[in-house]
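What follows is one structure encoded as structure tokens, with my remarks underneath.
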Amino acid sequence: MFHADWLTNNFAFPVLMSVPYELQRYFIQIRPIEDCDAEDGVSLGHILVDAVEAVEGPDRASVIRAFFIRTAMLRESAFTSFEEMITATLVHHSFRRKVATMLGMRKGGSKIRPAVRSTDPGMLTAADAETIGIGFERIILTSATHVEAVDELLRMYPALGRVAQQHGWFQPMLETVAKRRMAITPFGQKLRLWIGAGFSMADMISDIVSIVGMMQAGQVMGAYGLIGLLSASVAMQLLFNVVINKHRGPHAVAWEVILVLSLLKPGVDALRVASNSETASSIDPFTEMLVGKAIEIAFESGPGAALQAVIVLSGHWSTAAVVSVGISCLSIGFTTAMMAFDIDTNPVQRKKVPEFYGFTPDDPRRRLLVWVELFALHSTHATVKTLTLAMLLRTNWRWLVAYVAGDFCTFILYKLARADLLFWVPGELKVRHPVQFPPGFFLLFYLIFFGRSRASAVLGLSLSREGGA
Amino acid sequence: LVCRFLEKVVLDSTGFVQLRNPVYAGGFYYCFNAVMTHIACYVAAGLYSSRYTGMAFDQSYSATGGNLTNAATNGANTTVGDTTAPLPTNGAAADYAASSGKIDDFTLFATIMALSAVWVLSFVALMLTIKPQYRGSFVSLQTGGAFSQSHFLDRSACPHILV
């Protein structure tokens with residue numbers, strides 16, 4: 007089945023579709039600009055990138071020049087220097103330039119280009135367009151999705167925003183170009199996805215190594231605990247994948263089950279998102295990947311790290327267990343940082359709640375910096391919390407329960423004191439359920455953790471079975 | 138209460154920065170919780186250092202391995218029921234057998250201080266890197282209700298949701 011797909015995509019389609027493709031390219035190039043819409047923009051973006059990717063190196067500039075001369079809607083658009091911008095974005099993709107672009111450094115030194123000040127697309131010079139093109143490339147490298155990349159580009163350069171308002175095909179075309187660039191560039195989102203998948207798989211593998219080490223060392227309970235967590239994580243992943251793929255039939259479900267059981271699922275998810283592939287599952291690949299990572303954190307990384315930290319703190323530790331704790335915490339930090347960054351840079355969120363979302367700067371170098379800082383912040387937090395819980399559990403489990411309960415009660419009391427306990431659901435739905443703690447809850451808590459005699463003395467009650475406190 | 142419980146669990150386990158939203162934990166509580174997490178870690182380390190006596194190898198073996206007993210007290214051999222087995226000598230098992238019953242104080246506190254230092258540095262760097270107008274959201278005392286109301290009452294930029 008999979009060989010048939012591969013043959014179809016790589017041989018059958020290119021041969022059978024060559025004539026329709028040429029016809030589409032011909033008609034889209036002669037189509038009058040006033041008749042073009044968003045669908046034409048998408049088609050034009052694909053055809054342009056196809057033409058550019060068919061050649062290598064400096065020849066790409068001449069291909070772009072010829073394409074712009076032949077295409078009516080590009081030739082007659084309000085953005086007179088559009089060709090220079092596309093050339094700056096799509097040509098010269100050397101390894102050094104990609105690294106320098108992502109880090110915000112110019113090739114050949116730290117020369118700073120003058121800012122583009124004009125808001126009139128007709129007044130943009132070739133130098134301005136080149137600056138915008140290089141900026142677009144940087145944005146593509148540091149954005150989570152192609153839609154976010156173009157949205158940011160239009161906000162950064164108001165002249166392009168005016169072109170987008172004037173021509174309905176302009177923004178879809180740029181989004182298609184960004185989508186295609188993201189699919190092939192090894193940096194940016196793709197690198198991030200692969201690192202995330204690497205952490206997930208390394209986490210699972212280190213857990214297995216740790217389990218073997220514990221078994222060899224006779225720490226059977228710890229090993230069983232870790233096996234239980236790993237099994238729970240895999241079981242939840244299986245359940246989730248069966249639910250979202252069951253409508254595709256038993257073969258598709260079986261394939262997803264094999265991916266989960268072989269621990270390759272995080273890598274395949276990353277590949278699907280990075281290549282912008284369309285899957286037939288109920289949800290899109292990015293959401294599928296995020297849910298998978300959330301399950302992994304909830305059932306495996308978090309509890310697994312705490313369990314292994316408890317064993318490490320017993321003093322009878324192995325190198326594998328220490329490495330596994332570290333990888334689990336880094337995995338939690340990486341996933342959380344990715345989600346925090348994506349939510350903050352999401353154009354929809356920024357438009358809906360601009361007073362809260364949008365702290366990430368628009369400059370790509372500072373964006374990268376923010377991402378690294380978020381990763382460090384979340385990883386260290388997860389590690390510190392894991393260590394705290396493990397140390398308290400190792401010393402006295404009652405202190406752990408008291409700490410967790412006290413911490414939660416502090417949160418609730420803070421919310422009560424601020425008259426903010428009611429949860430205001432973001433959106434149009436508002437839920438108001440009055441919440442009350444029964445006084446018996448606090449009494450029970452006190453009795454359990456501070457002993458019967460002290461409670462009796464405080465309350466003046468006789469609680470012991472023998473009839474005296 | 139369930140929502141509050143879940144957001145507290147996520148906040149504690151990950152320190153998710155978007156939970157500083159007033160609708161969830163709020164900016165002030167977010168920072169307070171982060172600082173308290175680090176303080177609690179030092180307190181827990183102090184308790185571990187002073188109260189935890191460590192488990193002898195044989196006790197640990199007995200507690201975790203069920204019927205494995207007298208690992209250390211028997212010298213080089215471990216008694217498994219009626220069978221005597223040699224102590225592990227390679228790989229993770231050797232690491233396990235060679236270690237003492239407790240992490241030493243210097244290693245423990247050095248690790249925690251290093252983690253705290255990285256956290257403080259990354260937080261300060263984040264404050265310096267983000268757009269200045271959003272720094273206040275990390276210490277904001279605004280409540281979820283006030284935030285939701287202001288979202289609908291003060292949004293001149295989005296007239297379609299103005300009340």
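Those protein sequence lines, which keep their order, are chains V and U.
The opening residue of the first sequence carries number 7 in the working numbering; numbering runs sequentially from there.
The opening residue of the second sequence carries number 138 in the working numbering; numbering runs sequentially from there.
Don't be surprised by glycine CBs; every beta carbon is placed ideally from N, CA and C.
query: Against chain V: residues of the segment 255-280 of chain U by CB proximity under 7 Å; result: Val255, Trp256, Ser259, Phe260, Ala262, Leu263, Thr266, Ile267, Lys268, Tyr271, Ser274 and Thr280
query: Partner residues on chain B for V:Tyr409, Cβ-Cβ distance less than 9 Å; result: Although the question refers to chain B, the structure presented lacks it and instead comprises the protein chains V and U.
query: Cα-Cα separation, U:Leu184 to V:Leu398; result: 8 Å
query: 9 Å Cβ cutoff, V:Leu336 in contact with chain U; result: no
query: Cα-Cα separation between V:Ser268 and V:Arg144, rounded to whole angstroms; result: 36 Å
query: CA-to-CA distance, V:Ala276 to V:Ile250, given in whole angstroms; result: 17 Å
query: Where V:Met162 falls: helix, strand or coil (DSSP); result: helix
query: Residue from V:Asp46, V:Val410 and V:Gly174 with nearest C-alpha to U:Asn170; result: V:Val410
query: Option nearest U:Thr174 by Cα separation, candidates V:Trp405, V:Val390 and V:Thr416; result: V:Val390
query: Chain V within 9 Å of U:Val154, Cβ atoms only; result: yes
query: Helix, strand or coil at U:Phe275 [DSSP, three-state]; result: helix
query: Per-residue DSSP class, three states only, for V:Gln172; result: helix
query: V:Met345 beta carbon less than 9 Å from that of V:Ile301; result: no
query: U:Cys140 in three-state terms, based on DSSP; result: helix
query: Proximal residues to U:Tyr161 (C-beta, below 6 Å), its chain only, five neighbours per side dropped; result: Glu144
query: Contact the segment 358-378 of chain V vs the segment 222-239 of chain V: 3+ CB pairs below 8 Å; result: no
query: CA-to-CA distance, U:Val154 to U:His288, given in whole angstroms; result: 20 Å
query: Meets three-Cβ-pair contact criterion under 8 Å: the segment 125-132 of chain V and the segment 165-181 of chain V; result: yes
query: Min CB distance V:Ala260 to chain U below 9 Å; result: no
query: Beta-carbon spacing of U:Thr190, U:Lys239 below 9 Å; result: yes
query: Which of helix, strand or coil DSSP assigns to V:Ser87; result: coil
query: Closer than 7 Å at the beta carbon, the chain U residues around V:Trp405; result: Leu184
query: Residues that V:Pro383 contacts on chain U, provided the C-beta gap is smaller than 8 Å; result: At residue 383 of chain V the sequence reads Leu, which differs from the Pro that was named. The answer, in chain order, is Gly152, Val154, Trp256, Ser259, Phe260 and Leu263.
query: Identity of the residue in U:Thr266, U:Ala254 and U:Val180 nearest V:Pro367 by Cα; result: U:Thr266
query: Distance CB(V:Ile92)-CB(V:Ile70) smaller than 9 Å; result: yes
query: Cutoff 9 Å: U:Leu290 Cβ touching any chain V Cβ; result: no
query: 6 Å Cβ shell around V:Phe85 - same chain, five flanking residues per side excluded; result: Pro127 and Val169
query: C-beta neighbour in chain U for V:Phe365, strict 9 Å; result: yes
query: Under the three-state DSSP convention, the category V:Arg424 falls into; result: coil
query: Where V:Tyr420 meets chain U, residues with beta-carbon distance less than 7 Å; result: Tyr166
query: Every unbroken alpha helix (DSSP H) inside the segment 302-359 of chain V [4 residues or more]; result: 308-319, 325-351 and 353-358
query: Chain U contacts made by the segment 386-399 of chain V, where a contact means CB separation under 9 Å; result: Thr386, His387, Ala388, Thr389, Val390, Lys391, Thr392, Leu393, Thr394, Leu395, Ala396, Met397 and Leu398
query: Under 8 Å by beta carbon: chain V residues contacting U:Asp149; result: Lys391 and Asp413
query: Contact check, V:Ser334 vs V:Gly308, beta carbons under 9 Å; result: yes
query: Closer than 8 Å at the beta carbon, the chain V residues around U:Thr174; result: His387, Val390, Lys391 and Thr394
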